[in-house]
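Numbering (the working numbering), first residue to last: 30 to 319. Using N, Cα and C, we set each Cβ at its ideal position, and we do this for glycine too. Written out below as structure tokens is the structure these notes cover.
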Amino acid sequence: MARTPERTQAFIQVFDGANGAVIFVPFPENEFRAKPDKFDIHIGENYFSASQISLKINHPDIQLNGSLTFRNIETWPITLLSPGIMGWYAWAPFMQCYHGVVSLDHEIAGELTLNAETIDFSGGRGYIEKDWGKSFPESWVWLQCNHFGESGISVTASIAIIPWIRGAFPGFIMGFLHRGKLYRFATYTGARIEKFEVFEHSTTIIVRDNHNRLSMEILHSGDAGMLFAPTESGMIRRIPESLNAAVDVCLESIRGSEINTIFEARGRPAGFEFVGDIPKLISMWQANRN
30 MARTPERTQA
40 FIQVFDGANG
50 AVIFVPFPEN
60 EFRAKPDKFD
70 IHIGENYFSA
80 SQISLKINHP
90 DIQLNGSLTF
100 RNIETWPITL
110 LSPGIMGWYA
120 WAPFMQCYHG
130 VVSLDHEIAG
140 ELTLNAETID
150 FSGGRGYIEK
160 DWGKSFPESW
170 VWLQCNHFGE
180 SGISVTASIA
190 IIPWIRGAFP
200 GFIMGFLHRG
210 KLYRFATYTG
220 ARIEKFEVFE
230 HSTTIIVRDN
240 HNRLSMEILH
250 SGDAGMLFAP
260 TESGMIRRIP
270 ESLNAAVDVC
280 LESIRGSEIN
290 TIFEARGRPA
300 GFEFVGDIPK
310 LISMWQANRN
């Protein structure tokens with residue numbers, strides 16, 4: 030749902046990660062219904078929840094129908110003091126953008142029919158996140174992958190310019206799910222980013238706290254789709270996202286001078302975005318680190 034002083038519009042975006050095609054399907058405002066206390070959304074005849082989606086999209090540019098169900102959902106823990114991935118920042122009433130992870134990893138069953146081609150998703154892995162607020166950040170880097178050759182492994186990471194009461198700061202939230210245990214690294218946990226480099230086809234992020242270090246080497250090409258993104262003036266911003274990236278992940282435990290590898294593998298495919306003034310984001314991180 031996108032709201033501006035002039036209009037309110039519901040929509041569904043369909044992103045084909047194989048070829049980069051993005052289809053924007055608009056709906057009237059009165060065809061949008063959402064429950065305030067959980068992830069449960071109806072848009073026209075389409076339904077989205079944490080445990081299933083049902084699609085009936087009949088548009089001049091796309092025909093997409095079918096249902097998928099999700100099982101063994103791994104969630105981000107929610108407590109009163111840390112209600113999700115944003116930690117206590119989720120309670121701040123003036124944030125530009127709020128972010129939540131509905132599912133870090135889950136099993137998929139079912140099939141979808143895309144333009145007369147039936148695609149069986151059974152046995153696949155899924156991930157669900159949500160965003161709400163006024164606008165996406167000025168600049169950010171985002172990564173997600175839960176395809177590491179075994180179930181129960183998932184990584185999500187983002188670094189962004191966050192507007193605050195006075196000025197802005199480079200905030201980050203990262204999580205690595207490994208066999209039922211979630212390792213959290215974030216601005217609000219006291220973790221720190223040791224390395225942050227972004228090049229045309231690769232990005233390196235190394236983050237650590239007092240006990241663990243997470244290293245991510247992301248390999249990305251230029252085959253991105255251009256998604257529509259929210260601004261205070263409507264869904265007019267275009268942002269590149271790739272679903273064909275790869276990420277080399279290494280999680281280590283640190284106990285004094287003793288370093289042990291907990292997990293190390295390549296994940297593929299991965300979702301990846303780098304948007305906006307990335308040199309500015311890196312400069313802010315460097316200034317904040319010193």
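Using a Cβ distance threshold of 7 Å, residue 149 and residue 158 do not count as a contacting pair. Take the alpha-carbon of residue 106 and the one of residue 112: they are about 8 Å apart.
A residue is called buried once 16 or more other Cβ atoms fall within 10 Å of its Cβ, and residue 161, having fewer, is exposed.
Contact check for residue 103 and residue 181: beta-carbon distance about 7 Å, within the 8 Å limit, so the pair qualifies.
When the alpha-carbon of residue 101 is set against those of 137, 41 and 69, the nearest one is in 137.
When DSSP states are grouped into helix, strand and coil, residue 189 belongs to the strand group. Of 255, 260, 297 and 265, the smallest CA-CA separation from residue 273 is found for 297. With distances taken between CA atoms, residue 125 lies nearest to 193 out of 63, 313, 223 and 193.
For the options 235, 232 and 216, the alpha carbon positioned closest to that of residue 115 is the one of 216.
Following the DSSP letters along the chain, one finds residue 224 in no alpha helix (DSSP H) but inside the beta strand (DSSP E) bounded by residues 221-227. Taking a C-beta distance under 7 Å as the contact criterion, residue 165 and residue 63 do not qualify as a contact pair. A direct Cα-Cα distance of roughly 16 Å separates residue 291 from residue 285. In the three-state scheme derived from DSSP, where H, G and I count as helix and E and B as strand, residue 114 is classed as coil. DSSP places residue 62 in the uninterrupted beta strand (DSSP E) bounded by 61-63. For residue 83, the enclosing beta strand (DSSP E) starts and ends at 81-88. When the beta-carbon positions are compared, residue 244 and residue 279 come within less than 7 Å of each other. Cβ-Cβ distances below 6 Å link residue 198 to 191 in the same chain, with the five nearest sequence neighbours on each side left out; the list follows chain order.
Look at residue 318 here: in three-state DSSP terms it is helix. Taking 3 residues as the minimum length, the beta strand (DSSP E) runs contained wholly in the stretch 254-295 are 254-260 and 263-284, in order along the chain.
When the beta-carbon positions are compared, residue 271 and residue 301 come within less than 7 Å of each other.
Closest option to residue 172, judged by alpha-carbon separation, among 178, 68, 80 and 189: 189.
A distance below 7 Å separates the beta carbons of residue 52 and residue 91. Non-local C-beta neighbours of residue 183 in its own chain, meaning closer than 6 Å and more than five positions away in sequence, comprise 133, 134, 175 and 206, ordered along the chain. In terms of Cβ geometry, residue 97 and residue 86 do not form a close pair [threshold 7 Å].
Here residue 210 carries a strand assignment [DSSP, helix/strand/coil]. Under the three-state reduction of DSSP, residue 232 is assigned to strand. Residue environment: residue 253 is assigned as buried (16 or more neighbouring CB atoms within 10 Å of its CB, all protein chains considered). Taken through DSSP and simplified to helix, strand or coil, residue 203 comes out as strand.
Per DSSP, residue 52 is one residue of the beta strand (DSSP E) stretching across 50-56. For residue 195, there is no enclosing beta strand (DSSP E), as DSSP marks it with neither H nor E. Within the same chain, 168, 170 and 227 come within 8 Å of residue 307 by CB-CB distance, once the 5 residues on both sides are set aside.
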